[in-house]
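This report concerns only the one structure given below.
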Amino acid sequence: MKKKLKVFKFGGASVKDASGIKNVTSILQSFKEEPIMVVVSAMGKTTDALERIVAAHANNSGEAHQLLENLKQSHYVIMEELFGKEHPAFDDVNDTFVAVEWILEEAPHPNYDFLYDQIVCVGELVSSKILSAYLNHAGLPTQWLDARDIILTDDIYREGWVQWDETVENANKITKPMVEAGGFVLTQGFIGSTTENFTTTLGREGSDYTAAIFSYCLDAESMTIWKDVPGVLTADPRIFENVAKLDRLSYKEAIEMTYYGAKVIHPKTIKPLQNKSIPLYVKSFINPEAAGTFIGPDVDDLYPPMVALEKNQVLLNISTRDFSFVAEHHMSHIFTKIAEFRLQVNLMQNTAISFAVCVNNVDDRVQKFAQSIDKDFKVVIDADALELTTVRHYTPQTLEMLRSGKIILVEERSKNTVQMVMKVVPELKRKD
Ligand code: ADP
Ligand code: ASP
Ligand code: MG
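The following block contains the structure:
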């Protein structure tokens, strides 16, 4: 019987340099007999660098060309290490960068988010071209696919919403025959296209989501994301000590933790997989033989305490100007505005005359939202280095450790979850 498709996602950390690309190639080597679709992110910190180019261009700071030149050179250095001085991939990658040069020649487009997507997509375009060329060079036949020919989105730039019917249709028409032809099919994470053929992006860290979209559309047998960690851990190892790997996790646990900031998987990834019961594996690209974490339908496991930390939070305290109760029609108005300014509400709490809401601090959206309701409501904004800590399956010891040295501004507790909006208290020290 023919084997079913597996979808692999390799993130920026896995392809950050030539040795990373060689490592990914050696992982794929051991799957060469299987139908595999590969989704790749931009190399290393390329997206951050492209964001700086967008900002420089939009502000006419005069630095955009130089920043682009630096980014190009860093890619060419990696390519020389992979291919030597001559290879057709150089022209291909150069042409892709030239498209950005053209954008920089023109006056900056007035819609920042539109401009952003047209420039930032280049990171994934070039990384996928380099990886695909290298896989072919290494004797692993690979077809390059432009994700924008498959993933159709609306025209909310920087946060494109997938138009599922058209995307499924494109995947069946274009991607499926490529998979059936044999070899690997390799595409970009993070990017899509509008009906007018303008590039959109799916939100930062969105490549995991791309892989889930393809898994859904093509009824994959499984999806694997290859990471620099052994799997999903009980907390971010960059922040906490003594973290432990979870062997199994339900879709529900995974979606709860990632929504509230567990950076290991993009939160939108879980739904398409859950909808078709496609298992998700999180595995280490450093130790590919190790089992990693399995994410799937409900598992009865007893979970240890798991912590997700979301930095860059803002707490808004919204109260009526005339001391009237915060009634349903007020709430309805506030939420309409929250949706209009696309704020992600992470926690809320209300009293008779006020309403506290904790949201992610993105661009100047919070300030614009506050202005929009200023006539009827007093809004106090606290954006002073706040963190939202979410703990699933909490114990008193875990909570105590997390609260140490912090002021809790808002806390909410249910049977399985505690959420706390906290700020660090500067320690007082006696002088004598
Ligand atoms: P990618 O290269 O695929 O984009 P990321 O750097 O976005 O990978 O995600 C991997 C990182 O996520 C890890 O290095 C780790 O620091 C962080 N992380 C945060 N929370 C967790 C968690 N609960 N389990 C594992 N890793 C986590
Ligand atoms: N390159 C994009 C980012 O850095 C998408 C991703 O890596 O998932 O956000
Ligand atoms: Mg990432």
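For the sequence shown, this note's numbering gives the first residue as 2, with consecutive numbering after it.
For glycine and all other residues, C-beta sits at the position ideal for the given N, C-alpha and C.
If you ignore the 5 residues before and after GLU197, its C-beta comes within less than 8 angstroms of the C-beta of ASP156, all in its own chain and listed in chain order. Taking the Cα positions, ASP237 is about 7 angstroms away from ALA309. For GLY21, the uninterrupted alpha helix (DSSP H) run begins and ends at 19–30, by DSSP.
Here DSSP, grouped into helix, strand and coil, assigns ASP209 to helix. If you ignore the 5 residues before and after LYS338, its C-beta comes within less than 7 angstroms of the C-beta of PHE370, SER373, ILE374, all in its own chain and listed in chain order. Within the stretch 294–319, no alpha helix (DSSP H) run of at least 4 residues lies entirely inside it. Between LEU344 and GLU413, the C-beta spacing is not below 8 angstroms. In the three-state reduction of the DSSP assignment, GLU34 falls in the coil class, being assigned neither a helical nor a strand state. In the three-state DSSP reduction, VAL358 falls in the strand class (E or B). Secondary structure of PHE370 (DSSP, three-state): helix.
GLY193: member of the beta strand (DSSP E) spanning 192–194, first to last residue. ALA353 is classed as exposed because its beta carbon has fewer than 16 other beta carbons within 10 Å across all chains shown.
In this structure, PHE185 sits away from TRP227, with a CB-CB distance that is not shorter than 8 angstroms. Below 8 angstroms, too few C-beta pairs join the stretch 252–272 and the stretch 31–44 to call them touching: fewer than three.
When only Cα atoms are considered, ASP365 and PRO89 end up about 43 angstroms apart. Within the same chain, Cβ atoms closer than 8 angstroms to the Cβ of PRO306 are found at THR235, VAL392, ARG393, HIS394, TYR395, THR396, THR399, the five residues on either side in sequence being excluded.
DSSP links GLN420 through a beta bridge to THR391, GLU413. Secondary structure in the stretch 121–173: the alpha helix (DSSP H) runs of 4 residues or longer, each lying completely within the stretch, are 123–138, 165–171 in chain order. Taking C-beta separations shorter than 6 angstroms and ignoring five residues to either side along the sequence, the partners of GLY12 in its chain run SER42, following chain order.
LEU250 carries a strand assignment under DSSP once its states are collapsed to helix, strand and coil. TYR113 and ILE104 have their C-alpha atoms spaced approximately 13 angstroms apart. Taking a 10 Å sphere around the C-beta of SER333, we find fewer than 16 other C-beta atoms and assign the residue as exposed. For GLN345, the three-state secondary structure derived from DSSP is coil.
ASP323 carries a coil assignment under DSSP once its states are collapsed to helix, strand and coil. Apart from the 5 residues on each side of it in sequence, VAL244 sits with its Cβ closer than 7 angstroms to the Cβ of LEU234, THR235, ALA236, PRO238 in its chain, given in chain order. Looking at PHE295, MET224, VAL230, TRP145, the one whose alpha-carbon comes closest to that of ASP248 is PHE295. Each of ALA65, VAL78, ALA57, GLU70 was checked against the Cα of LYS17, and the nearest Cα belongs to VAL78. Taking C-beta atoms under 8 angstroms as the contact rule, ILE279 and SER208 fail to qualify, at a distance of about 17 angstroms. Around the beta-carbon of VAL8, 16 or more other beta-carbon atoms lie within 10 Å, marking it buried. In the assembly as shown, TRP162 is an exposed residue. Its beta-carbon has fewer than 16 other beta-carbons within 10 Å. For SER15, the CB contacts under 6 angstroms within the same chain, skipping 5 residues up- and downstream, are GLY21, VAL25, TRP227, PHE286 in chain order.
Distance from the CA of GLN368 to the CA of MET421, rounded to the nearest whole angstrom, comes to 23 angstroms. For ligand 1, a non-hydrogen atom lies closer than 7 angstroms to the CB of PRO238. The set of residues with any CB-heavy atom separation to ligand 3 below 5 angstroms comprises, in chain order, GLY12, GLU206. SER216 has its CB no nearer than 7 angstroms to any heavy atom of ligand 2. By the Cβ rule, the stretch 169–182 does not count as touching the stretch 57–77, because fewer than three pairs are nearer than 8 angstroms.
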